[in-house]
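Chains as they are written, first to last, in the numbering used here: chain Y, 9 to 243; chain D, 27 to 298.
Report on one structure; see the data block that follows.
Structure representation (structure tokens):
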């Protein structure tokens with residue numbers, strides 16, 4: 009990086025001790041589409057709105073929830089292209105971990121490594137922080153886990169969390185509805201209801217995305233017909 | 027991590043360590059030998075897919091290093107690869123390509139194709155100019171159908187209906203050449219592969235022990251580890267062996283007292 013003209017960091021401290029670029033990145037996240045995650049007793053569910061800019065966009069080509077490893081999935085709020093880059097890097101890191109240790113990467117390790125990448129971009133020359141917050145859902149030997157990673161690179165484990173436009177209402181709703189011994193199917197219903205709360209317009213199987221992981225440790229993105237079944241149960 | 031952006035790899039083989047090795051050899055250090063697999067590996071295409079087979083002996087010169095090693099490596103759920111040559115090279119190269127295929131599957135959302143694995147392998151082997159001593163039989167079934175290829179250490183490949191590699195390849199090929207026909211059934215395919223591997227096991231010193239078979243068809247893969255065990259250990263003493271005093275003849279005795287060399291003093295425990 010030293011041979012570039014921009015070998016100085018663009019993210020610098022303000023006199024009040026804040027990193028303004030990261031604050032702005034969080035604003036970018038806050039204006040992104042709502043996404044949320046809930047950790048149940050026997051699995052994790054993550055969900056997001058999938059509002060497309062026009063009815064002409066082919067919604068089957070858009071997939072906001074991605075698989076990082078067979079047992080770890082991720083959703084975001086914020087800038088889609090930044091998310092794509094992080095997904096690519098995380099997948100590669102998971103493979104490198106497997107190549108080195110012949111063990112499938114534990115959820116905490118992948119979260120840590122992804123967070124380290126995000127932090128790197130707040131302290132390197134010529135780059136800007138990522139404009140996404142991630143919700144990483146996984147199931148490994150430590151059970152079901154849900155982590156949120158912010159543009160600064162800080163991460164927290166959550167029982168339930170939300171990000172994006174409707175974050176405060178969604179979190180309040182989740183606080184009321186969350187119970188420790190929730191089953192995954194209840195969690196999916198709660199996730200749908202939470203999304204419904206802040207949704208402008210009519211929620212349907214084609215304008216939300218849901219990803220789940222059960223005790224079988226296989227992360228899967230639900231198909232529109234599966235989402236439709238859950239929606240009908242909720243109505 | 028080497029900085030924020032991934033710089034493109036400079037490419038080519040790094041010969042830095044070769045100078046060090048030459049210098050050490052000059053000083054009289056003997057290079058450690060590498061474990062070659064000797065080996066008989068085979069593959070054939072049958073009516074529903076491909077069958078791969080391998081023996082399980084790994085040799086280090088004249089010594090059998092591993093009596094039951096696994097030579098059929100996983101590349102993708104629908105693609106497996108048998109490896110002959112240097113065991114470390116075949117393991118490393120198949121692991122590496124398997125990892126790359128997984129990343130590719132995530133990026134494309136599709137099942138991996140055999141030609142993809144083939145191209146990744148041959149490009150890697152070619153760039154190492156034959157120094158990576160891996161001779162492979164690659165087989166699998168994808169959307170375009172069943173495929174079987176051989177890959178040579180220098181990076182050339184062949185596409186064949188039946189193939190054999192390794193030191194036992196001639197013995198195995200003789201079996202294939204006399205009995206192979208198109209449109210074999212699953213049972214016939216497995217039997218023919220087992221016969222070919224057995225020919226290698228019994229007629230080649232570099233191959234031995236058991237027969238591993240892998241059957242790949244559309245949507246299903248069966249890895250039949252130790253499908254045949256034609257070389258069981260027939261005699262193991264149940265009494266065990268005992269070595270009592272007096273069984274071995276003592277030629278001379280020399281006793282060195284250690285006590286005077288060791289000084290034991292009473293002192294305080296180590297301070298924190």
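Cβ atoms here follow ideal geometry from the backbone N, Cα and C, with glycine treated the same way.
Can you tell which of 78/Y, 221/Y and 69/Y has its C-alpha closest to the C-alpha of residue 154/Y?
For the purposes of this step, residue 154/Y is identified with residue 146 of the first chain, where counting begins at 1. For residue 154/Y, the nearest C-alpha among the options comes from 221/Y.
When you compare the segment 95–109 of chain D with the segment 133–145 of chain D, are there three or more beta-carbon pairs, one atom per stretch, that lie closer than 8 Å?
Yes, they touch.
Alpha carbon to alpha carbon, how far is residue 149/D from residue 41/Y?
Here residue 149/D is taken as the residue at index 123 of the second chain, counted from 1. Here residue 41/Y is taken as the residue at index 33 of the first chain, counted from 1. Taking the straight line from one Cα to the other gives about 43 Å.
Could you give the first and the last residue of the continuous alpha helix (DSSP H) run that contains residue 226/D?
Counted from its first residue, the second chain places residue 226/D at position 200. Looking at the DSSP string, the run of the alpha helix (DSSP H) that includes residue 226/D is 212–229.
Quick one, which residues of the segment 138–159 of chain D are near chain Y if we go by CB-CB under 7 Å, in chain order?
Going along the segment 138–159 of chain D in chain order, one finds no residue with a Cβ nearer than 7 Å to chain Y.
Where do the N-terminal and C-terminal ends of the alpha helix (DSSP H) with residue 32/Y fall, by residue?
Residue numbering aside, residue 32/Y sits at position 24 when the first chain is read from its first letter. Unbroken alpha helix (DSSP H) run through residue 32/Y: 28–38.
Report the option in 161/D, 202/D, 206/D and 167/D whose CA atom is closest to the CA atom of residue 308/D.
This structure gives no information on residue 308/D, because the portion of chain D shown stretches from 27 to 298.
Would you list, in chain order, the members of the segment 68–79 of chain Y that have their beta-carbon closer than 7 Å to a beta-carbon of chain D?
Hits within the stretch, in order: 75.
Using the C-alpha atoms, what's the distance from residue 173/Y back to residue 213/Y?
As a first step, residue 213/Y must be located in the first chain, where it is residue number 205. As a first step, residue 173/Y must be located in the first chain, where it is residue number 165. Rounded to whole angstroms, residue 213/Y to residue 173/Y spans 20 Å at the Cα level.
Quick one: does residue 127/Y have its CB under 8 Å from some CB of chain D?
Taking the first chain and counting its residues from 1, one reaches residue 127/Y at position 119. Residue-level contact by beta carbon fails for residue 127/Y and chain D, as no gap is shorter than 8 Å.
Kindly indicate which residue of 279/D, 144/D, 274/D and 200/D has the alpha-carbon position closest to the one of residue 230/D.
As a working mapping, residue 230/D is identified with position 204 in the second chain. Comparing C-alpha distances from residue 230/D to each of 279/D, 144/D, 274/D and 200/D shows the shortest one belongs to 200/D.
Does residue 101/Y pass the burial test, meaning 16 or more other C-beta atoms within 10 Å, or should it be called exposed?
The residue you call residue 101/Y lines up with position 93 of the first chain. Buried, by the Cβ-count rule.
Do you know offhand how far residue 27/D's Cα is from residue 64/Y's?
Here residue 27/D is taken as the residue at index 1 of the second chain, counted from 1. Here residue 64/Y is taken as the residue at index 56 of the first chain, counted from 1. For residue 27/D, the predicted structure reports a pLDDT of 43, less than 50, and the residue's modelled location is therefore unreliable. The matter cannot be settled from this model.
Could you name each continuous beta strand (DSSP E) segment of 3 residues or more that falls completely within the segment 159–199 of chain D, going from the start of the chain to the end?
Fully enclosed beta strand (DSSP E) runs of no fewer than 3 residues occupy 160–168, 171–177, 183–185 and 188–191 of the segment 159–199 of chain D, in order along the chain.
Is residue 12/Y buried or exposed, if buried means 16 or more other CB atoms sit within 10 Å of its CB?
On the first chain, position 4 is the one that residue 12/Y refers to. Classification of residue 12/Y: exposed, given that the 10 Å Cβ count is below 16.
Checking contacts by CB at 8 Å: is residue 125/D closer than that to chain Y?
Taking the second chain and counting its residues from 1, the one referred to as residue 125/D is at position 99. Taking 8 Å as the CB threshold, residue 125/D lines the interface with chain Y.
Nearest neighbour of residue 67/Y, chosen from 76/Y, 75/Y and 57/Y [CA to CA]:
As a working note, residue 67/Y is residue 59 in the first chain. Closest by alpha carbon: 57/Y.
Checking contacts by CB at 8 Å: is residue 115/D closer than that to chain Y?
Position 89 of the second chain, counting from 1, holds the residue named residue 115/D. Not one chain Y Cβ lies under 8 Å of residue 115/D.
So what's residue 150/D in DSSP terms, helix, strand or just coil?
As a working mapping, residue 150/D is identified with position 124 in the second chain. Reduced to three states, the DSSP call for residue 150/D is helix.
Listed by chain order, chain Y residues near residue 121/D by CB distance under 7 Å:
Locating residue 121/D in the second chain gives position 95, counting from the first residue. Neighbours of residue 121/D on chain Y, chain order: 107.
Between residue 103/Y and chain D, is any beta-carbon pair separated by less than 8 Å?
For the purposes of this step, residue 103/Y is taken as the residue at position 95 of the first chain. At least one chain D Cβ lies under 8 Å of residue 103/Y.
Consult DSSP for residue 290/D and reduce its assignment to one of helix, strand or coil.
By one-based count along the second chain, residue 290/D stands at place 264. Here residue 290/D sits in coil by DSSP.
Could you pull the start and end residues of the alpha helix (DSSP H) that residue 100/Y belongs to?
In the first chain, the residue the question calls residue 100/Y occupies position 92. Segment 88–109, the alpha helix (DSSP H) holding residue 100/Y.
Minimum Cβ-Cβ distance from residue 132/D to chain Y less than 8 Å:
For this step, residue 132/D is matched to residue 106 along the second chain. Contact of residue 132/D with chain Y is assigned, a C-beta pair being separated by under 8 Å.
Measure the beta-carbon distance from residue 40/D to residue 103/Y and round it to whole angstroms, keeping in mind my assumption that it falls under 8 Å.
As a first step, residue 40/D is located in the second chain; it is residue number 14 there, counting from the start. As a first step, residue 103/Y is located in the first chain; it is residue number 95 there, counting from the start. Not quite, the Cβ-Cβ distance comes to about 22 Å (not below 8 Å), so this is no contact.
For residue 99/Y, which residues in chain D fall below 9 Å Cβ to Cβ?
The sequence position of residue 99/Y within the first chain is 91, counting from 1. Scanning chain D for C-beta atoms nearer than 9 Å to the C-beta of residue 99/Y yields 128, 129, 132 and 133, reported in chain order.
Span of the beta strand (DSSP E) around residue 92/D
Your numbering for residue 92/D matches position 66 in the second chain. Its beta strand (DSSP E) spans residues 89–92.
Given this structure, state the Cα-to-Cα distance separating residue 96/Y from residue 217/D, to the nearest angstrom.
Here residue 96/Y is taken as the residue at index 88 of the first chain, counted from 1. Here residue 217/D is taken as the residue at index 191 of the second chain, counted from 1. C-alpha separation (whole angstroms): 44 Å.
Output the distance between the C-alpha atoms of residue 39/Y and residue 69/D, rounded to the nearest integer angstrom.
In the first chain, the residue the question calls residue 39/Y occupies position 31. In the second chain, the residue the question calls residue 69/D occupies position 43. Cα to Cα, the separation comes out at about 57 Å.
Between residue 222/D and residue 198/D, what straight-line distance do the alpha-carbon atoms span, to the nearest angstrom?
By 1-based counting over the second chain, the position of residue 222/D is 196. By 1-based counting over the second chain, the position of residue 198/D is 172. A direct Cα-to-Cα measurement between residue 222/D and residue 198/D gives close to 4 Å.
Can you tell me whether residue 217/Y is buried or exposed, with buried defined as 16 or more other CB within 10 angstroms of its CB?
Taking the first residue of the first chain as position 1, residue 217/Y is located at position 209. Buried, because 16 or more other Cβ atoms sit within 10 Å of the Cβ of residue 217/Y.
How is the beta strand (DSSP E) around residue 79/D delimited, first residue to last?
What you label residue 79/D is simply residue 53 of the second chain in a count that begins at 1. Bounds of the beta strand (DSSP E) holding residue 79/D are 75–81.
For residue 14/Y, which residues of its own chain have a beta-carbon under 8 Å away from its beta-carbon, when the five flanking residues on both sides are left out?
The residue given as residue 14/Y occupies position 6 in the first chain. The beta carbon of residue 14/Y sits closer than 8 Å to the beta carbons of 133 and 134 from its chain, once the five residues preceding and following it are set aside; these are given in chain order.
Of the residues 244/D, 232/D, 246/D and 256/D, which one's Cα is nearest the Cα of residue 238/D?
Counting from 1 along the second chain, the entry for residue 238/D is found at position 212. Across the set 244/D, 232/D, 246/D and 256/D, the C-alpha of 256/D shows the shortest separation from the C-alpha of residue 238/D.
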